[in-house]
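In the numbering used here, the protein residues as written are 166 to 599.
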């Protein structure tokens with residue numbers, strides 16, 4: 166599915182102005198300079214390069230914008246000096262620590278959440294993708310958290326698209342002994358699909374106090390749209406997350422989220438976090454920390470975008486649900502879903518062959534389950550791909566029957582009964598990891 170293959174090179178960098186000229190070797194390529202970037206670009210030929218830098222490199226403390234611009238201007242001059250080409254962007258992430266030029270306070274995990282947010286907008290959602298990640302010049306905790314953010318997003322895009330990942334590191338540099346550094350491939354894999362599997366946490370885990378006064382944070386919670394949004398949409402969003410985790414194609418179609426409201430609350434949360442960063446002479450203090458819930462929202466928004474091409478008109482046909490199953494689910498989950506859809510399709514073929522086209526009716530009646538338990542049992546609901554006999558309703562539109570085996574699935578529609586919808590969303594939500 167999607168567009169043609171693309172190559173993305175990502176590099177995690179520390180203090181680039183202190184690097185020495187070194188001879189690098191990568192395969193048949195040799196390059197002399199202070200960075201691995203030119204040789205990797207030459208060998209990999211990426212369509213796009215992104216460099217990640219910590220804001221602790223900044224020297225201008227007149228404002229947060231000035232601090233980040235200072236890093237950006239200096240790295241731009243460095244890139245021009247080493248001839249890194251035009252297709253290079255950089256992301257500036259938070260940092261922590263005391264340095265000669267300044268002190269940076271805040272949560273270390275902000276690096277992960279900022280990287281997750283930035284890369285969710287950088288990583289293309291469609292087509293085959295090769296991601297190459299160079300950790301040679303990176304700072305320890307920054308590189309680790311950036312790696313984690315990238316892998317979390319790639320697992321989601323791999324739901325529909327071929328995605329591969331390679332990581333690189335050079336030999337260690339030893340002063341007076343090193344004449345040449347080889348660049349080593351330290352990870353090389355096809356990324357396996359890994360959808361979001363977590364519930365959205367409570368309201369305390371989106372913006373977390375670091376050094377902010379408690380009463381100010383409480384005022385923010387009353388004002389911010391993210392908390393209003395979560396109070397009304399949380400369970401429905403969790404049900405959709407669960408529909409992918411557990412293989413529930415009808416719930417996937419009915420609860421497919423609108424992307425815009427999620428995007429708006431993510432942007433609002435980021436703006437609020439940024440507004441509470443205090444920058445003064447030689448000092449940066451992040452008074453709020455981004456929390457686990459923010460990270461789940463970012464991954465959720467990315468997942469909605471990746472899976473948008475599978476969004477269904479409701480009520481969906483059996484054919485629509487087969488399409489979701491065959492593209493999204495794998496292994497035993499797909500087999501179970503297709504088995505349940507097949508039972509309904511088989512019955513629809515029999516009815517259509519007799520010229521019987523039923524209007525909306527409970528699935529238990531459609532399948533002729535005369536002695537079925539009329540309660541919705543969570544275990545049954547999940548075991549039958551969400552097509553539980555009491556919760557689901559079926560309709561067949563009448564058509565001029567020709568090839569009944571081929572046509573029945575195009576004219577048979579499914580939906581959840583209005584009276585059962587909240588219950589099945591609750592079942593699915595509670596089955597997720599907390």
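Every residue gets a Cβ at the ideal spot worked out from N, C-alpha and C, and that includes glycine. Given the structure is predicted, the values throughout are model-derived calculations rather than measurements.
Closest by CA to residue 290, which one among 466, 565, 478?
Ranking 466, 565, 478 by Cα distance to residue 290 puts 466 first.
Out of curiosity, what's the CA-to-CA distance linking residue 224 and residue 397?
Whole-angstrom Cα-Cα distance: 44 Å.
DSSP three-state call for residue 496: helix, strand or coil?
It is helical.
Using three-state DSSP, classify residue 349 as helix, strand or coil.
Residue 349: strand per DSSP, three-state reduction.
Verify whether the separation of the beta carbon atoms of residue 603 and residue 203 is less than 9 Å.
Lying before the first or after the last residue shown, residue 603 is absent from the chain, which here runs from 166 to 599.
CB-CB under 6 Å to residue 168, same chain, minus the five flanking residues each way: which ones, in chain order?
A caution first: residue 168 carries a pLDDT of 47, below 50, which makes its placement in the model too unreliable to give a value.
Under 7 Å Cβ to Cβ from residue 210, same chain only, skipping five residues before and after it: list those, please.
Hits under 7 Å: 172.
With distance defined between alpha-carbon atoms, name the residue in 499, 468, 482, 408 nearest to residue 525.
Considering only alpha carbons, the answer is 482.
Is DSSP giving residue 501 helix, strand or coil here?
Correct three-state label for residue 501: helix.
So what does DSSP say about residue 560, is it helix, strand or coil?
Residue 560: strand per DSSP, three-state reduction.
Verify whether the separation of the beta carbon atoms of residue 468 and residue 315 is less than 9 Å.
The answer is no: Cβ separation not under 9 Å.
Could you check the C-alpha separation between residue 166 and residue 270 for me, to the nearest Å?
Annotation note: pLDDT 39 at residue 166 (below 50); position unreliable, no value reported.
Residue 427: which of 462, 509, 506, 418 sits nearest, CA to CA?
When only C-alpha atoms are compared, the closest one is 462.
Rank 451, 592, 360, 520 by C-alpha distance to the C-alpha of residue 401 and give the top, closest one.
Nearest of 451, 592, 360, 520 to residue 401, Cα basis: 592.
Provide the residue span of the beta strand (DSSP E) that contains residue 600, from first to last.
The question about residue 600 has no answer here: the residues shown for the chain are numbered 166 through 599.
Quick one: what does DSSP say residue 168 is sitting in, helix, strand or coil?
Confidence at residue 168 is low in this model, with a pLDDT of 47, below 50, so the placement of that residue should be treated as unreliable; the coordinate-derived value is given next. Residue state, collapsed to three classes: coil.
Would you mind reading off the limits of the beta strand (DSSP E) that contains residue 277?
No beta strand (DSSP E) holds residue 277; the alpha helix (DSSP H) holding it covers 275–287.
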